[in-house]
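Numbering (this note's numbering), first residue to last: 153 to 445.
The C-beta atom is built at its ideal place from N, Cα and C for all residues, glycine as well.
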């Protein structure tokens with residue numbers, strides 16, 4: 153059996169949604185699910201992967217066991233034949249999940265939520281995993297459109313080959329089409345889709361669209377030949393990045409974005425856009441790190 157799908161379990165409704173998604177993904181891949189609860193002790197300086205229980209924690213263990221039992225029940229309901237393992241590890245959730253990503257096919261997390269026995273916050277955890285995780289990180293939010301395409305967001309920077317490859321592989325695995333989107337902003341170079349953006353300046357719309365098509369052709373070159381069974385749709389857009397991606401995600405199964413090593417998200421996903429996508433996309437978002445930087 154291959155590397156398991158790891159899921160962060162915090163007891164919140166969002167993390168339980170992530171458990172169901174993880175079980176579904178594990179079933180598609182023919183691998184197991186590893187339920188990971190990161191147990192933070194603010195008063196103790198225990199490194200990640202330390203002993204899971206402290207003698208002073210009597211009574212807390214029952215709460216954590218209950219959280220994991222419910223997570224396992226949800227996983228088995230989603231994919232009855234998937235092998236399930238549980239882990240409770242002392243440590244900060246982001247660090248624990250980064251370590252877990254070294255031997256995982258995916259690390260799945262919920263989009264938000266804090267529970268009485270855990271802390272799995274989107275901003276810190278997803279951002280840290282995007283920069284340091286060793287495998288793709290699906291962030292579960294919105295609703296997955298079962299018959300929709302896999303949506304791949306591309307920017308002007310050199311394409312993240314792992315992200316493109318992951319998007320094609322996911323489309324084939326799901327029997328879905330792949331829609332590749334590149335958005336050219338017609339405003340100034342400093343217009344980041346924020347509420348105080350300057351008005352659009354004069355531009356050659358035809359030229360921008362040609363540029364978007366050129367970016368898409370370059371990013372997809374070679375991959376279509378390797379995945380001949382995946383129907384590919386190019387979508388060059390002249391407009392606002394954040395609005396375009398959030399709107400397009402409404403009909404998608406998954407939105408795939410690239411991330412570069414310690415540099416964080418790629419050029420397309422500037423800080424404001426990346427946060428908007430992770431918080432407001434209408435389908436799950438998979439962040440795929442390419443290892444550079």
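For residue 169, the CB contacts under 7 Å within the same chain, skipping 5 residues up- and downstream, are 262, 292 in chain order. Annotation: residue 375 to residue 318 spans about 10 Å, alpha carbon to alpha carbon. Spanning the alpha carbons of residue 297 and residue 322 requires a straight line of approximately 14 Å. Distance from the Cα of residue 260 is smallest, within the candidate group 217, 316, 157, for 157. With fewer than 16 neighbouring CB atoms inside 10 Å of its own CB, residue 237 falls in the exposed class. According to the DSSP secondary-structure assignment, residue 387 is paired through a beta bridge with 333. When the Cα atoms are used, residue 382 and residue 331 turn out to be separated by approximately 10 Å. Under the three-state reduction of DSSP, residue 256 is assigned to coil, being neither helix nor strand. The beta-carbon separation of residue 315 and residue 409, rounded to 7 Å, stays under the 8 Å limit for a contact. In this structure, the alpha-carbon of residue 328 lies about 23 Å from that of residue 154. DSSP places residue 262 in the strand class (E or B) of the three-state scheme. Residue 441 sits in a strand when the DSSP states are folded into three classes. Secondary structure note for residue 290: its beta strand (DSSP E) is the uninterrupted segment 289-292.
With distances taken between CA atoms, residue 181 lies nearest to 231 out of 284, 231, 218, 306. With a 10 Å radius around the Cβ and a threshold of 16 neighbouring Cβ atoms, residue 357 comes out exposed. In terms of CA proximity to residue 326, 178 leads the group 160, 163, 178, 165. Burial check for residue 359: the Cβ neighbour count within 10 Å stays below 16, so the residue is exposed. Of the candidates 363, 221, 411, 430, the residue whose Cα lies closest to the Cα of residue 441 is 411. In this structure, the beta-carbon distance from residue 161 to residue 187 falls below 7 Å.
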